[in-house]
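Single-structure report; data block below.
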Amino acid sequence: MKIREVIVYVEGPSDCYALEALLASLLKTLQTQGVTVKFIATGGKKRLMLHTPQKAVNILYNPYSIVIALPDLYPPNVGGPHRTPPELRAVLRLEFNKCLQRQGITDDRWQERFKVFCFKYDLEALILAAESQLSRRLGVSAMQPDWAEQVEDQNHHTPPKRIVEKLFSEQGKHYKNTVDAPLILGAANYTDIARACPQCFKPFVDFITSLPRAVQF
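Residue numbers (the working numbering): 49 to 265.
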């Protein structure tokens with residue numbers, strides 16, 4: 049049974065706009081291959097963590113659908129104890145399993161149609177990876193990074209969004225995530241961004257890209 053619909057739950061509108069802009073060419077290709085990807089904002093990390101597992105169960109009664117949870121890793125311990133991507137995945141999968149049990153669903157194939165990824169530590173890691181596009185948006189000729197070279201290796205004390213906000217502030221500008229994130233990432237190549245974010249973002253892109261070739265569920 050081929051998957052035809054992918055629902056991706058993210059925290060807010062900026063995540064939707066930025067991913068739609070960055071992945072525009074990929075989403076169009078998937079559409080021509082019969083797979084529609086929809087990004088849905090949940091209204092913050094807490095709502096995503098607490099409500100997405102049950103929403104996923106409700107959606108997965110449609111055997112042609114897959115649901116993906118894609119929260120930020122930051123801040124930690126929202127919706128359950130976690131500081132790392134594996135811990136975050138464990139929180140969501142545990143709640144998903146509880147939802148399955150409450151509804152008497154024992155088919156293991158449902159597990160294969162609920163996926164958990166995350167941004168490490170937030171969406172703005174992708175913006176730091178889009179260095180030339182970020183420079184153009186800031187109106188500077190070159191960046192002089194004073195953050196971790198591997199953009200996914202920031203930390204909970206200084207997540208990527210705080211770095212991006214500081215960069216804008218230093219140029220006398222205010223970072224507006226619903227405007228700046230899609231403009232910056234829309235000018236970038238998603239394969240380059242995935243390559244620069246191999247820990248958490250690339251696995252998400254790889255999974256989405258593989259769907260038309262995936263084995264039938």
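Glycine included, each C-beta is placed from N, C-alpha and C at the ideal position.
- Taking C-beta separations shorter than 6 angstroms and ignoring five residues to either side along the sequence, the partners of Leu67 in its chain run Phe87, following chain order.
- Nearest to Val58 by C-alpha distance, out of Val115, Gln151 and Val105, is Val115.
- Around the beta carbon of Ala104, 16 or more other beta carbons lie within 10 angstroms, which makes this residue buried.
- In this structure, Ile175 sits away from Asp120, with a CB-CB distance that is not shorter than 9 angstroms.
- In this structure, the CA atom of Gln198 is about 30 angstroms from the CA atom of Thr100.
- Contact between the region 117-134 and the region 89-100 is present: 3 or more CB-CB pairs across the two stretches fall below 8 angstroms.
- Taking the C-beta atoms as reference points, Gly91 is found nearer than 9 angstroms to Gly60.
- Of the residues Asp254, Thr226 and Pro111, the one whose Cα lies closest to the Cα of Cys64 is Thr226.
- Distance from the CA of Ile153 to the CA of Glu53, rounded to the nearest whole angstrom, comes to 21 angstroms.
- In the three-state DSSP reduction, Thr239 falls in the helix class (H, G or I).
- Going by beta carbons, Pro133 and Cys248 fall inside the 9 angstroms limit.
- Leaving aside the five residues that flank Glu143 on each side, the residues in its chain whose CB is nearer than 7 angstroms to its CB run, in chain order, Pro101.
- For Pro251, same chain residues with a beta-carbon under 7 angstroms away, outside a window of 5 residues either side, are Phe165 in chain order.
- Going by DSSP, Tyr65 is part of the alpha helix (DSSP H) stretching over Pro61 to Leu70.
- DSSP places Phe162 in the uninterrupted beta strand (DSSP E) bounded by Phe162 to Val164.
- Taking Asp155 as reference, the option from Arg137, Ala173, Leu140 and Pro111 with the minimal CA-CA separation is Pro111.
- In chain order, Ile175, Ala178, Gln181, Leu182 and Arg185 place their CB closer than 7 angstroms to the CB of Ile232, counting only its own chain and leaving out the 5 sequence neighbours on each side.
- A Cβ-Cβ separation of about 6 angstroms places Leu74 in contact with Tyr238 under the 8 angstroms criterion.
- In this structure, the straight-line span from the alpha carbon of Asp170 to that of Leu148 is close to 29 angstroms.
- Residues of the same chain with a CB within less than 7 angstroms of the CB of Gly128, apart from the 5 flanking positions on each side, are Met97 and Val139 in chain order.
- When the beta-carbon positions are compared, Gln202 and Pro193 stay at least 9 angstroms from each other.
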